[in-house]
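Presented below is the structure to which this report refers.
2 protein chains.
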Amino acid sequence: MGHGGGGQLSAELVQHVFAPAFGGEVLADLADSAAVTLGGARLAFSTDSFVVRPLFFPGGSIGDLAVNGTVNDLAMSGAAAAFLSCAFILEEGVELSCVARVAEALGAAARTAGVQIATGDTKVVESGHGDGVYINTAGIGLIPDGVDIRPQRARPGDVVIVSGDIGVHGVAVMSVREGLEFGVRIESDCAALGGLVATMLAVTPDVHVLRDPTRGGLAAALGEIAAAAGVGVAITERDVPVPDEVANACAVLGLDPMYVANEGKLVAFVPPEHADAVLDAMRAHPLGARAAVIGECVAEHPGMVVARTGLGGTRVVDLPLGEQLPRIC
Amino acid sequence: MGHGGGGQLSAELVQHVFAPAFGGEVLADLADSAAVTLGGARLAFSTDSFVVRPLFFPGGSIGDLAVNGTVNDLAMSGAAAAFLSCAFILEEGVELSCVARVAEALGAAARTAGVQIATGDTKVVESGHGDGVYINTAGIGLIPDGVDIRPQRARPGDVVIVSGDIGVHGVAVMSVREGLEFGVRIESDCAALGGLVATMLAVTPDVHVLRDPTRGGLAAALGEIAAAAGVGVAITERDVPVPDEVANACAVLGLDPMYVANEGKLVAFVPPEHADAVLDAMRAHPLGARAAVIGECVAEHPGMVVARTGLGGTRVVDLPLGEQLPRIC
Numbered sequence: 001m002g003h004g005g006g007g008q009l010s011a012e013l014v015q016h017v018f019a020p021a022f023g024g025e026v027l028a029d030l031a032d033s034a035a036v037t038l039g040g041a042r043l044a045f046s047t048d049s050f051v052v053r054p055l056f057f058p059g060g061s062i063g064d065l066a067v068n069g070t071v072n073d074l075a076m077s078g079a080a081a082a083f084l085s086c087a088f089i090l091e092e093g094v095e096l097s098c099v100a101r102v103a104e105a106l107g108a109a110a111r112t113a114g115v116q117i118a119t120g121d122t123k124v125v126e127s128g129h130g131d132g133v134y135i136n137t138a139g140i141g142l143i144p145d146g147v148d149i150r151p152q153r154a155r156p157g158d159v160v161i162v163s164g165d166i167g168v169h170g171v172a173v174m175s176v177r178e179g180l181e182f183g184v185r186i187e188s189d190c191a192a193l194g195g196l197v198a199t200m201l202a203v204t205p206d207v208h209v210l211r212d213p214t215r216g217g218l219a220a221a222l223g224e225i226a227a228a229a230g231v232g233v234a235i236t237e238r239d240v241p242v243p244d245e246v247a248n249a250c251a252v253l254g255l256d257p258m259y260v261a262n263e264g265k266l267v268a269f270v271p272p273e274h275a276d277a278v279l280d281a282m283r284a285h286p287l288g289a290r291a292a293v294i295g296e297c298v299a300e301h302p303g304m305v306v307a308r309t310g311l312g313g314t315r316v317v318d319l320p321l322g323e324q325l326p327r328i329c
Numbered sequence: 001m002g003h004g005g006g007g008q009l010s011a012e013l014v015q016h017v018f019a020p021a022f023g024g025e026v027l028a029d030l031a032d033s034a035a036v037t038l039g040g041a042r043l044a045f046s047t048d049s050f051v052v053r054p055l056f057f058p059g060g061s062i063g064d065l066a067v068n069g070t071v072n073d074l075a076m077s078g079a080a081a082a083f084l085s086c087a088f089i090l091e092e093g094v095e096l097s098c099v100a101r102v103a104e105a106l107g108a109a110a111r112t113a114g115v116q117i118a119t120g121d122t123k124v125v126e127s128g129h130g131d132g133v134y135i136n137t138a139g140i141g142l143i144p145d146g147v148d149i150r151p152q153r154a155r156p157g158d159v160v161i162v163s164g165d166i167g168v169h170g171v172a173v174m175s176v177r178e179g180l181e182f183g184v185r186i187e188s189d190c191a192a193l194g195g196l197v198a199t200m201l202a203v204t205p206d207v208h209v210l211r212d213p214t215r216g217g218l219a220a221a222l223g224e225i226a227a228a229a230g231v232g233v234a235i236t237e238r239d240v241p242v243p244d245e246v247a248n249a250c251a252v253l254g255l256d257p258m259y260v261a262n263e264g265k266l267v268a269f270v271p272p273e274h275a276d277a278v279l280d281a282m283r284a285h286p287l288g289a290r291a292a293v294i295g296e297c298v299a300e301h302p303g304m305v306v307a308r309t310g311l312g313g314t315r316v317v318d319l320p321l322g323e324q325l326p327r328i329c
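Chains A and B, in that order, give the protein sequences. FYI, in UniProt numbering the residues of the first sequence are 1 to 329. FYI, in UniProt numbering the residues of the second sequence are 1 to 329.
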């Protein structure tokens, strides 16, 4: 399971199995989406499969995730998603009404995100193989002129900003999973971030890094950026916005909110001279109302994320090995 | 199972469930790939999931199919595939050596097809869910200027050409499936058709329709074209190239080669004034050596495919309802 969790084991699978076999330079970039040039157009191109259980959870569904996950991967290159592909793997015997509900949620999410579903595919596998509904989406979008957002561009001095509360989506999905129910109603904050990113880029095209902290949570996102750019990241734990319900649920379950998946949040590395203006713009957007500075990029401890704890000490924030909670995207 | 078979049930799923939910105009085109414009570039965009069993079969593997299937969908718009996304859904416990073999086959097929794997994703589902390895690929490629290839462009008078022997891939996969082995060694002819299509377009950009007769076979491909363009298609059964081994295997199993899936073959509708030159160009290409004219597009019986049989009679070639053989792509 760990190899799909977005942590170290996932990274090893890509580095040791897929990258050598595929031999791609673009793939080696390790960004959420690839930047490619075709017919003179600079495009972001990304894909994600969705295997979340249950298919419907408070605040969303696999259909919302399938749209927002790929739209957000594109947004992390600064691109507005223009077209999505959508491929279903259905298990024989799944209720058509369930497929229709998922499709309706997916279509509604696409309209909200302003992206068009351009092409699709459906496969059916025998009952007992597959798992009801799996969805893959791939997306393409134009990268605006002058925008060059990649993990490698993190620089010492950059201000690290998150767009809002973390851990909400992961805990929302977990809260309805068989055997893990607990007495809190937390709704997923799953959302498409293209509009928020456009708002930020209107302040300055020189945003250095954007990342949506999905699988592996904020810890994995920061760790990957530190490793890719060869910089250190220093954050202040108490500045990371974690809602009380999420903190309580995590305490009960022995989880660290830093490692819980999100969908609908982003972390940004912004040059210090633009940080205040970008933060103001984010807070003026509905999806960035609770945006906060959580730390900075430093020259010390390259490749490593260090958190100042509430007690005044520091701790190393490791890249998670596997995943705390499987199948939440 | 029938809803994933590429026949009538698949079409109904798209028309009644997905199209209304997604509300896409591009999707309604029903071509193998969508033609979209982005940043001034005219792009073909397509996706396919691959759930074939077994993962390795004579002449190929799920890795080859995952590349060639999407490359060929793009080629059916006249586009040379430039970039692929590649997403794996792995079942917990699948051997990493098996994943590596699949990845190597996939990488090799991409190099042969001249396409770059630009972005990827890996998910792992619990043991007992999923089925070893599922792969989704999506692809983008440039559509050359002056090329407008779509099912709707079929016109009475068009000459119908297939690029070679049909039914080979489907029978090859079936020949190694548990319980269906029979004493023939047939290798899959799975191949990337971008080069063959470029050869044809060098003769004339005015090829009207291209289609790779995958799920549902040649019968479904011709039926869909007839329906999309509101034309009739008349073919001569004995002119359809079917190798003896395929014909024999189909006879034993009670299958019709017209409905068996292919991957690495195409059917073309070409204006009569260009047909001879296009056929000559195809035959000069390794993947078109056994290309043959199998019939023509007619104004009679719109939406219907009619075959002249060996006995001098005619029969209607129906769109298959479901699928003769599940999971061969």
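Backbone N, C-alpha and C define an ideal beta-carbon position, used for all residues, glycine too.
Judged by DSSP in its simplified three-state form, B:V173 adopts helix. With a threshold of 7 Å between beta carbons, B:D48 makes contact with chain A. The DSSP-derived three-state label of A:D73 is helix.
Inter-residue distance for B:G114 and B:D64 is about 13 Å (C-alpha atoms, whole angstroms).
Unbroken alpha helix (DSSP H) runs of no fewer than 4 residues, entirely contained in the segment 222-260 of chain A, are found at 244-253, following chain order. In the same chain as A:L196, and ignoring 5 residues on each side of it, the C-beta atoms closer than 6 Å to its own belong to H285, L287 and G288, in chain order.
Assignment of beta-bridge partners to A:I135 by DSSP yields A:F50 and A:F88. A:D212 is a Cβ neighbour of A:M76, given a cutoff of 7 Å.
In the DSSP assignment, B:R315 is bridged to B:A307. For A:G120, the pairing in a beta bridge is given by DSSP as A:C86.
Chain-order list of chain A residues neighbouring B:E104: A21, by C-beta distance under 8 Å. Taking C-alpha positions only, A:F83 is separated from B:A220 by approximately 27 Å. In the same chain as B:V159, and ignoring 5 residues on each side of it, the C-beta atoms closer than 7 Å to its own belong to V270, P272, A275, V293 and E296, in chain order. For the pair of segments examined, the segment 103-114 of chain B was found not to touch the segment 244-252 of chain B: the number of CB pairs separated by less than 8 Å stays below three. Taking 7 Å as the upper bound on Cβ-Cβ separation, chain B lies near residues D131, Y134, N136, A138, I140 and L142 of the segment 131-153 of chain A. Between B:E91 and B:D131 the beta-carbon gap is near 6 Å, inside 8 Å, which marks them as a contact. Within the segment 240-258 of chain B, no residue has a Cβ lying closer than 9 Å to any Cβ of chain A.
By the Cβ neighbour-count rule, A:T309 is exposed, with fewer than 16 other Cβ atoms within 10 Å of its own.
If you ignore the 5 residues before and after B:R290, its C-beta comes within less than 7 Å of the C-beta of G164, D165 and P241, all in its own chain and listed in chain order. When 8 Å is used as the limit between beta carbons, B:G39 is near these residues of chain A: G39, G40, A41, R42, L43 and L142, in chain order. When DSSP reads this structure, A:S61 sits in a beta bridge with A:F56.
Annotation for B:T112: the continuous alpha helix (DSSP H) segment containing it runs L96 to A113. With fewer than 16 other Cβ atoms inside 10 Å of its own Cβ, A:R185 counts as exposed. In the DSSP annotation of this structure, the continuous segment of the alpha helix (DSSP H) that includes B:A19 starts and ends at A19 to F22.
Counting along the chain, B:T37 sits inside the beta strand (DSSP E) bounded by residues A34 to L38.
DSSP, reduced to helix, strand and coil, places A:S10 within a helical segment of the structure shown.
Across the structure, B:L253 and B:Y259 are spaced so that their CA atoms are roughly 13 Å apart. Burial is judged here by how many other beta carbons sit within 10 angstroms of a residue's own beta carbon; A:V102 has at least 16 and is buried. The segment 138-151 of chain B makes contact with the segment 222-242 of chain B: 3 or more CB pairs, one atom from each, lie closer than 8 Å. Residue state for A:G295 is assigned as strand, using DSSP reduced to three classes. In the DSSP assignment, B:L279 falls within the unbroken alpha helix (DSSP H) covering P272 to R283.
Note on geometry: alpha-carbon atoms of A:V233 and A:V267 lie some 12 Å from one another. Taking a Cβ-Cβ cut-off of 8 Å, the neighbours of A:A100 in chain B comprise V17 and A21, given in sequence order. Cβ-Cβ separation between B:H129 and B:G264: approximately 31 Å, too far for a contact (criterion under 8 Å). Around the C-beta of A:T37, fewer than 16 other C-beta atoms lie within 10 Å, and the residue is accordingly described as exposed. Secondary structure of B:L193 (DSSP, three-state): coil.
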